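Here the structure comes first, spelled out in structure tokens, and everything after it is commentary.
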Amino acid sequence: MYRLPLFDHRVLDLTDGASALTGRLLGDLGAEVIKVEPPSGDSLRGTDGFQALNANKYCCAFDVSKRPDVLTRLAGLSDVLIATAGSIASEGMRNANEALILVLLPPGGSPADAVAAVGAVGLALWDRRRTGLGGLIEVTADHGEATATDRAAAGATEPVSTLTGVTAVPASPWRLSETPLHLRLPAPALGEHNRYVLGSLLGMADPEIDALSR
Amino acid sequence: MTTLEDLRVLDLSNSVAGAYCTKLFADHGADVIVVEPPGGSRLREFADWFRLGTNKRSVTLDIGTETGRRLFRKMVEQANVVVESFAGDRMEAMDLGYTTLYGIKRRIILTSIPSDADDLPQTGLLAGLNAFAATAIAVYNADAYEVPQHIEIAAQDCAAFAAAFADRIEAPPIESSPFRMSQIERLSGPAPATGEHNHEIYCGEMGLEAGDLTRLRAAGVI
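Protein sequences appear in the order of chains A and B. Position one of the first sequence corresponds to residue 97 (the working numbering), numbered consecutively onward. Position one of the second sequence corresponds to residue 5 (the working numbering), numbered consecutively onward.
Printed below as a string of structure tokens:
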């Protein structure tokens, strides 16, 4: 039996809303994905779309703008950092960790962008084994002509974000013979893993964690 | 900046999905070899072939012949990935299935995208993008931890997954790779002519003699 392809890799996911799909897919592939979320919560929290976009992730909630140093320290312990272009995460993060792979997504959260980003991360990891260096991946937003593909023909009923009632978490569309992908974790509660991330990983004492979590 | 020249992909596919999957490897510098029938891949009839074939090399080979299959297995020894789009168990029937390839190359990644992926061109591109993503992660994992994989991608699954997250299914751009990397150069070479690299690969890299190529050509194998 083999472990999942990214079993010993850590991903920081700073994205919000629909852009969170890249992190979900890397989580499906076995990475430890830590969603860094503002104390006010992701804009889709409370919707079923949130569940589908954030399954297989941990959540650490704190105000990055007040404590950029905490984010920098986390980046030093991570392999990949995902952010939306123009948001707080910048090239500067790579100064703390030259092996870091920084992924900048265009706004909009297109599923095709998320899939492209995952492939780019694979190439970057291959390259990093040879050079020891990470790099910057910029996913470009220039899609081909908008497709006329009928969503019903594609087997879907409603977008997850508008579903109500039963939570639907669509499984990854990739079949891997040796390491089948599956849902290991439901989407996390806000700040559910603060103690693990801030305490176990960064070595903060409880009072400091409590102060950050407020 | 580096390239991915030590990452070799053999492309047996004759679908938009397969060609787009391997194009994304080729555009970022991987060594992609299109292995096409002596008459040329049927994809060459498509107006978009010159976009799908960028930065690849081409050899002709009839894997319907035993000699062709023997040569292909020899190529697998030096490859990281094989991409194919045959229907059903055609690869097994030619003794080129996952078990056989794994026996030749322990870290092989076999990516199968059945060619019904092209029923709609846009879903073909989306399936190709998904195949690229899963294959890129798997080939890294194979390199780092010696894990082989047989990856199976169905266009319908990819479209349904995308549709669950968006009102409109967007296909990736066929013109160029949808991402830039600071550490890996993005190439802009042309698509190869049919069999353009036969001599370079068969003689230069696999040790055949010019006379062998003449005989193989006369027998219709290349």
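Backbone N, C-alpha and C fix where the C-beta goes; we use that ideal spot for every residue, glycine too. Note that the coordinates shown come from a computational prediction; the quantities given were computed from them, not determined experimentally.
Under the Cβ distance rule, methionine 79 of chain B does not count among the residues neighbouring chain A, no pair being separated by less than 9 Å. Taken through DSSP and simplified to helix, strand or coil, phenylalanine 103 of chain A comes out as coil. Cβ proximity to chain B below 9 Å picks out Leu221, Trp222, Asp223, Arg224, Arg225, Arg226, Thr227, Leu229, Gly230, Gly231, Leu232, Ile233, Glu234 and Val235 from the stretch 221-235 of chain A.
Beyond the five residues adjoining it in sequence on each side, glutamate 189 of chain B comes within less than 8 Å, by CB distance, of Met5, Thr6, Thr7, His32 and Gly33 in the same chain, given in chain order.
About 5 Å separates the Cβ atoms of leucine 167 of chain A and valine 160 of chain A, confirming a contact at the 8 Å cut-off.
Going by beta carbons, methionine 185 of chain B and glycine 231 of chain A fall inside the 9 Å limit. Residue burial annotation: threonine 180 of chain A is buried, with at least 16 other C-beta atoms found within 10 angstroms of its C-beta. Taking all protein chains in view, the Cβ of phenylalanine 54 of chain B is surrounded by fewer than 16 other Cβ atoms within 10 Å, so the residue is classified as exposed.
Unbroken alpha helix (DSSP H) runs of no fewer than 4 residues, entirely contained in the stretch 118-164 of chain A, are found at 144-150, following chain order. Residues of the same chain with a CB within less than 6 Å of the CB of arginine 46 of chain B, apart from the 5 flanking positions on each side, are Asn18 in chain order.
Counting only runs of at least 3 residues, the stretch 162-211 of chain B fully encloses the following beta strand (DSSP E) elements, listed from N- to C-terminal order: 183-185. The C-beta distance from isoleucine 108 of chain B to glutamate 88 of chain B rounds to 15 Å, too long to fall under 8 Å, and the pair is not in contact. A residue is called buried once 16 or more other Cβ atoms fall within 10 Å of its Cβ, and arginine 61 of chain B is buried on that count. Close partners of valine 214 of chain A in chain B (Cβ separation under 7 Å): Ala137 and Ile141.
A Cβ-Cβ contact shorter than 9 Å links alanine 264 of chain A with alanine 148 of chain A. Pairing glycine 68 of chain B with threonine 198 of chain B gives a Cβ-Cβ distance that is not under 9 Å. Annotation: the continuous beta strand (DSSP E) that includes alanine 179 of chain A extends over 176-180.
Using a CB distance cut-off of 9 Å, leucine 28 of chain B counts as an interface residue toward chain A. Identification of chain B residues near serine 206 of chain A by a Cβ-Cβ cut-off of 8 Å yields Ala170 and Glu174, ordered along the chain.
Residue-level contact by beta carbon fails for arginine 141 of chain A and chain B, as no gap is shorter than 9 Å.
The C-beta of methionine 185 of chain B comes closer than 9 Å to at least one C-beta of chain A. By the CB criterion at 9 Å, proline 118 of chain B and phenylalanine 76 of chain B fall outside the cutoff. Here the alpha carbons of leucine 200 of chain A and arginine 190 of chain A stand approximately 13 Å from one another.
Taking C-beta atoms under 8 Å as the contact rule, proline 194 of chain B and threonine 58 of chain B qualify, at a distance of about 7 Å. For arginine 61 of chain B, the three-state secondary structure derived from DSSP is strand. Per DSSP, reduced to three states, the secondary structure at arginine 280 of chain A is coil, with no helix or strand assignment. Counting along the chain, the unbroken beta strand (DSSP E) around arginine 271 of chain A starts and ends at 270-272. Secondary structure of glycine 218 of chain A (DSSP, three-state): helix. Annotation: aspartate 31 of chain B is outside any beta strand (DSSP E); the continuous alpha helix (DSSP H) that includes it extends over 20-31. The stretch 147-156 of chain B makes contact with the stretch 264-280 of chain A: 3 or more CB pairs, one atom from each, lie closer than 8 Å.
Contact check for alanine 157 of chain A against glutamate 128 of chain A fails: the beta carbons are separated by 9 Å or more. Of all residues in the stretch 142-158 of chain B, the ones placed with a Cβ closer than 8 Å to any Cβ belonging to chain A are Ala142, Val143, Tyr144, Asn145, Asp147, Ala148, Tyr149, Val151, Pro152, Gln153, His154, Ile155, Glu156, Ile157 and Ala158, in chain order.
Around the beta carbon of proline 196 of chain B, 16 or more other beta carbons lie within 10 angstroms, which makes this residue buried.
Excluding sequence positions up to five before and after serine 309 of chain A, its CB lies within less than 6 Å of the CB of Gly287 and Asn290, all in the same chain and listed in chain order.
Histidine 105 of chain A and leucine 279 of chain A have their C-alpha atoms some 17 Å from each other. For the stretch 54-127 of chain B, the continuous beta strand (DSSP E) assignments of 3+ residues that do not extend past its boundaries occur at 61-64, 85-88 and 113-116, in sequence order.
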